[in-house]
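This report concerns only the one structure given below.
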Ligand code: PLP
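In the working numbering, the protein residues as written are 5 to 402.
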């Protein structure tokens, strides 16, 4: 399949291209330095050294100790290991978990399974109209049976950043392990685990110009964690399986590059994001920004439009050479409105008209202006096909 002559990628929350510098760092570990990190011979030691260097790089960015860094196969596995691992390790203490109603399914479905199949009790906290959890709600939900709090750092659909440090403070005061899914925040926000007051934190390399299929779970020392994968003693017995050295090297290289240039990249991309948001809201009637107007990821612009289907907008944008998303890549194809948008209190009808444009390093002002030049026409034409269309009243968002 060929891409159209014009191709503008604005779906960086789904995944990113691997940075060529990352590929370069990975390559020797496929064909030359291919040892198994557990082998004691020179090739094994070479692989082991590369892995431990990568672990130190990640630990430095997290402000953590290297032995607190566990390499996993993806963000989903990190979330699963954090939640199930703590839940099963803490069963004698209690069975109550606190999470939010807008988590990625890697967290939400894991909590639901623990509830339905294993007798845990889960509190799904509401969010405000911008998608923010109130830390006081977290405090109020804690019981003497609470064994884990898991709240995402930044939302994948609407970009809202949660008050993680405040929530972490509450968890710490009660001695309850606190996990955050930082998969969307990995390349753009501060990851210092002490400043964030987190005990567990999930990352995934493909969201910050690293390869797909490699993740990290940070586990603060002494945080209870039952391994979910048993076998050899890899990752200090916490995650069995021969370590994927080229990908581990790739993850660490990508994370280092992202954090070296974080502030200047964020500044540039946030300017593009703001131009995009203003342009959309100024030129398209019955268009609403979803997520928080200020506390949002620097690259995330998300909207709902009355009277159109998100999927139709995507198809038209795609025909015009723009890759976008209606929300989470993992739920595209679903006819159900997004659980995130409904949790924001938006009317169900308008939730179907969602569009997420997520910017990245390669996007330019011209890209943004191109989208702004075609999107109003696409929405207008789609609405013209829907004779019953009337503007959907959305609660005033002061
Ligand atoms: N958590 C969040 C917030 C995500 O956005 C994603 C992926 O989109 C994941 C977890 C899952 O990560 P992975 O694709 O590495 O399994």
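Note that CB positions come from ideal geometry on N, CA and C, so glycine has one too.
Within 10 angstroms of the beta-carbon of residue 181 lie 16 or more other beta-carbons, which makes it buried. At a Cβ-Cβ threshold of 8 Å, residue 76 and residue 241 do not count as neighbours.
In the three-state reduction of the DSSP assignment, residue 119 falls in the helix class. DSSP places residue 300 in the strand class (E or B) of the three-state scheme. Scanning 66, 376, 201, 114 for the CA closest to the CA of residue 232 turns up 114.
Apart from sequence neighbours up to five positions away, the residues of its chain that approach residue 362 with a beta-carbon distance below 7 Å are 14, 15, 16, 17, 303, 304, ordered along the chain. With a beta-carbon spacing of about 20 Å, residue 134 and residue 154 fall beyond the 8 Å limit used to define contacts. By the Cβ test, the region 180–196 is not in contact with the region 49–61, since fewer than three Cβ pairs between them sit closer than 8 Å. Under the three-state reduction of DSSP output, residue 219 falls in the strand class. The DSSP-derived three-state label of residue 316 is helix. When only Cα atoms are considered, residue 129 and residue 141 end up about 7 Å apart. Those residues that bring their Cβ nearer than 5 Å to a heavy atom of the ligand PLP are 78, 79, 80, 108, 110, 160, 185, 187, 188, 208. The C-beta of residue 311 has 16 or more other C-beta atoms within 10 Å across all chains shown, which makes the residue buried. Counting along the chain, residue 375 sits inside the alpha helix (DSSP H) bounded by residues 369–388. Apart from sequence neighbours up to five positions away, the residues of its chain that approach residue 202 with a beta-carbon distance below 6 Å are 172, 182, 184, ordered along the chain. Annotation for residue 206: the continuous beta strand (DSSP E) segment containing it runs 204–208.
Here residue 382 is buried. Its C-beta has 16 or more other C-beta atoms within 10 Å. Using a 10 angstroms sphere on the CB of residue 38, the tally of other CB atoms stays under 16, which defines it as exposed. Residue 327 has 13 as its beta-bridge partners, per DSSP. When C-alpha distances from residue 78 are compared across 205, 265, 279, 309, the shortest belongs to 205.
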